[in-house]
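Notes follow the structure.
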Amino acid sequence: MKAGRPVVIAQKVKSDDRAWKQLRLARLPPFLFVFELKTKQQTKQAKVTRKLTIMASQPDFQLFSSLRYDPLLLPLTINTAAWDGEIKFFSPFYMLPFHRDRMLQAAEHFGWTKAADTIRGTEGFNFLLRKLNEAIDVKSETPLRVRTLLSHEGEIKVESNPVPKVERWTLYPERIPPPLIAEPKMEASPLTGGALTLGENDGIHGDAPKGETWDIIPDSFRTTPSPYTSYKTTSRDMYVSARERVGIKDMTEKKEVLLVSDKDGEIMEGSLTSVFFWRDSKWTTPSASSGGQIGTTRRWAIEEGYAAEGIVKVDSLVDGEECWISNGVRGFQYGKVKLA
Numbered sequence: 003m004k005a006g007r008p009v010v011i012a013q014k015v016k017s018d019d020r021a022w023k024q025l026r027l028a029r030l031p032p033f034l035f036v037f038e039l040k041t042k043q044q045t046k047q048a049k050v051t052r053k054l055t056i057m058a059s060q061p062d063f064q065l066f067s068s069l070r071y072d073p074l075l076l077p078l079t080i081n082t083a084a085w086d087g088e089i090k091f092f093s094p095f096y097m098l099p100f101h102r103d104r105m106l107q108a109a110e111h112f113g114w115t116k117a118a119d120t121i122r123g124t125e126g127f128n129f130l131l132r133k134l135n136e137a138i139d140v141k142s143e144t145p146l147r148v149r150t151l152l153s154h155e156g157e158i159k160v161e162s163n164p165v166p167k168v169e170r171w172t173l174y175p176e177r178i179p180p181p182l183i184a185e186p187k188m189e190a191s192p193l194t195g196g197a198l199t200l201g202e203n204d205g206i207h208g209d210a211p212k213g214e215t216w217d218i219i220p221d222s223f224r225t226t227p228s229p230y231t232s233y234k235t236t237s238r239d240m241y242v243s244a245r246e247r248v249g250i251k252d253m254t255e256k257k258e259v260l261l262v263s264d265k266d267g268e269i270m271e272g273s274l275t276s277v278f279f280w281r282d283s284k285w286t287t288p289s290a291s292s293g294g295q296i297g298t299t300r301r302w303a304i305e306e307g308y309a310a311e312g313i314v315k316v317d318s319l320v321d322g323e324e325c326w327i328s329n330g331v332r333g334f335q336y337g338k339v340k341l342a
């Protein structure tokens, strides 16, 4: 075949007028032209393949934790008792070390090495604190819900919005008061005479205040435990669906839904909260083995001896029974079970 007539071969590979003209001017053998086109095509395809592989390996969710910013916390040394390092600073961020720990545990579970390294240890904790201080006006008197997101690559994003004020004992109570049926009579001073009995709205100094009662409603649907229920991620379809089923339309409603495991009807947690039920003469929060998250306030209550882990089944709930819910934004809130 003559070098000046590569028409058939060139047309079979690709119709490219500019390349064809260059070939004719250079008087190159046709196999060189075919090889060049093939190499470009393979290179482009390889790049596309690599890009698709990278995209496929990127998770379609983030890790996050929601905490409270509140100037009320600044004088409370208990709020920084669990901080890394020897120096304790006053901080307006509620239970920050526990929030860091939960995100770190999640990152390690999912194998997100960069994310875990970003917030690991004292250096990682200080980095997270700097990110919060940069994103939040720490001179503001307005309490905030602060949503801290952690990406697969270790990037931290901070979002915030105002929340209502609460009492100090709502955040760090000295006691989670037992239900009235379990509250012993208190002996009064001989000067006052007689015995004191606590009423429904009475309390002891340092108790978590009851405030407005929340309706605590078990979900009619059963949820399968998974890493997305054990760790806090932005993949939250099961929580959104549960709230819709019980008619919760707004975050400000005093309603919470209980997720119920398809494993023997064990209560997992609330859609936005940890939950506590009075069982065996103590406040009992569902065991981590039931599939719910290890919430920050839940962890604190257990470590302080205010609650213990246990299995709580949905069929043990009684309409109107007293309970408590808690999370890292609202603290501890009083509720009553509401059955359909």
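Numbering (our numbering), first residue to last: 3 to 342. C-beta: ideal position from N, C-alpha, C; glycine also.
Residue i vs residue j beta-carbon contact at 9 Å
{"i": "Thr231", "j": "Gly293", "result": "yes"}
{"i": "Gly172", "j": "Ala117", "result": "Here residue 172 is Thr; the residue named in the question, Gly, does not match the sequence. Taking 9 Å as the Cβ cut-off, Thr172 and Ala117 do not qualify as a contacting pair."}
{"i": "Leu286", "j": "Val314", "result": "One point to set straight first is that residue 286 is Thr, not Leu, in the sequence displayed. Closer than 9 Å, so yes."}
{"i": "Leu76", "j": "Phe63", "result": "no"}
{"i": "Lys265", "j": "Pro227", "result": "yes"}
{"i": "Thr206", "j": "Ala303", "result": "Note on residue identity: the sequence assigns Ile, not Thr, to residue 206. No."}
{"i": "His154", "j": "Gln295", "result": "no"}
{"i": "Lys257", "j": "Gly249", "result": "yes"}
{"i": "Thr120", "j": "Ile158", "result": "yes"}
{"i": "Phe100", "j": "Tyr233", "result": "no"}
{"i": "Gln335", "j": "Gly213", "result": "yes"}
{"i": "Leu78", "j": "Phe95", "result": "no"}
{"i": "Thr235", "j": "Phe66", "result": "yes"}
{"i": "Gly126", "j": "Leu106", "result": "yes"}
{"i": "Glu305", "j": "Pro288", "result": "no"}
Distance, residue j Cα to residue i Cα
{"i": "Val148", "j": "Ala137", "result": "10 Å"}
{"i": "Met270", "j": "Asn128", "result": "32 Å"}
{"i": "Ser243", "j": "Glu323", "result": "25 Å"}
{"i": "Ala342", "j": "Leu319", "result": "12 Å"}
{"i": "Ser222", "j": "Lys340", "result": "12 Å"}
{"i": "Gly307", "j": "Trp280", "result": "14 Å"}
{"i": "Ile183", "j": "Leu260", "result": "23 Å"}
{"i": "Gly123", "j": "Ala109", "result": "14 Å"}
{"i": "Pro73", "j": "Ser162", "result": "15 Å"}
{"i": "Trp216", "j": "Val331", "result": "16 Å"}
{"i": "Arg300", "j": "Lys141", "result": "29 Å"}
{"i": "Ala290", "j": "Arg132", "result": "31 Å"}
{"i": "Asn81", "j": "Met97", "result": "6 Å"}
{"i": "Gly333", "j": "Tyr174", "result": "8 Å"}
{"i": "Asp252", "j": "Ala84", "result": "34 Å"}
{"i": "Pro164", "j": "Asn329", "result": "16 Å"}
{"i": "Glu169", "j": "Lys338", "result": "20 Å"}
{"i": "Asp139", "j": "Glu268", "result": "42 Å"}
{"i": "Trp325", "j": "Glu143", "result": "With the sequence shown as reference, residue 325 is identified as Cys, and Trp is not the correct amino acid for it. Spanning the two alpha carbons is a distance of roughly 31 Å."}
Residue range of the unbroken beta strand (DSSP E) whose run includes residue i
{"i": "Val168", "result": "Run containing Val168: none; DSSP gives neither H nor E here."}
{"i": "Glu161", "result": "Ile158 to Pro164"}
{"i": "Phe279", "result": "Ser276 to Arg281"}
{"i": "Glu324", "result": "Glu324 to Asn329"}
{"i": "Gln335", "result": "Gly333 to Val339"}
{"i": "Thr254", "result": "No beta strand (DSSP E) holds Thr254; DSSP gives it neither H nor E."}
{"i": "Ser67", "result": "Leu65 to Tyr71"}
{"i": "Val148", "result": "Leu146 to Leu152"}
{"i": "Glu311", "result": "Ala310 to Gly312"}
{"i": "Ala286", "result": "In the sequence on display, residue 286 carries Thr and not Ala. Per DSSP, Thr286 belongs to the beta strand (DSSP E) from Lys284 to Pro288."}
For residue i, the first and last residue of its enclosing alpha helix (DSSP H)
{"i": "Met270", "result": "Premise fails: Met270 lies in the beta strand (DSSP E), Ile269 to Gly272, not in any alpha helix (DSSP H)."}
{"i": "Gly213", "result": "Neither: Gly213 is in no alpha helix (DSSP H) and is coded neither H nor E."}
{"i": "Trp302", "result": "Thr298 to Glu305"}
{"i": "Lys116", "result": "Thr115 to Ile121"}
{"i": "Glu106", "result": "According to the sequence provided, residue 106 is Leu. The question's Glu does not apply to it. Its alpha helix (DSSP H) spans residues Leu98 to Phe112."}
{"i": "Glu246", "result": "Asp239 to Arg247"}
Whole-Å CB distance - residue i paired with residue j, under 8 Å assumed
{"i": "Lys167", "j": "Pro145", "result": "6 Å"}
{"i": "Ile327", "j": "Val277", "result": "5 Å"}
{"i": "Ser263", "j": "Arg224", "result": "7 Å"}
{"i": "Leu130", "j": "Arg102", "result": "6 Å"}
{"i": "Ser273", "j": "Arg247", "result": "Wrong, their Cβ atoms sit about 10 Å apart, outside the cutoff."}
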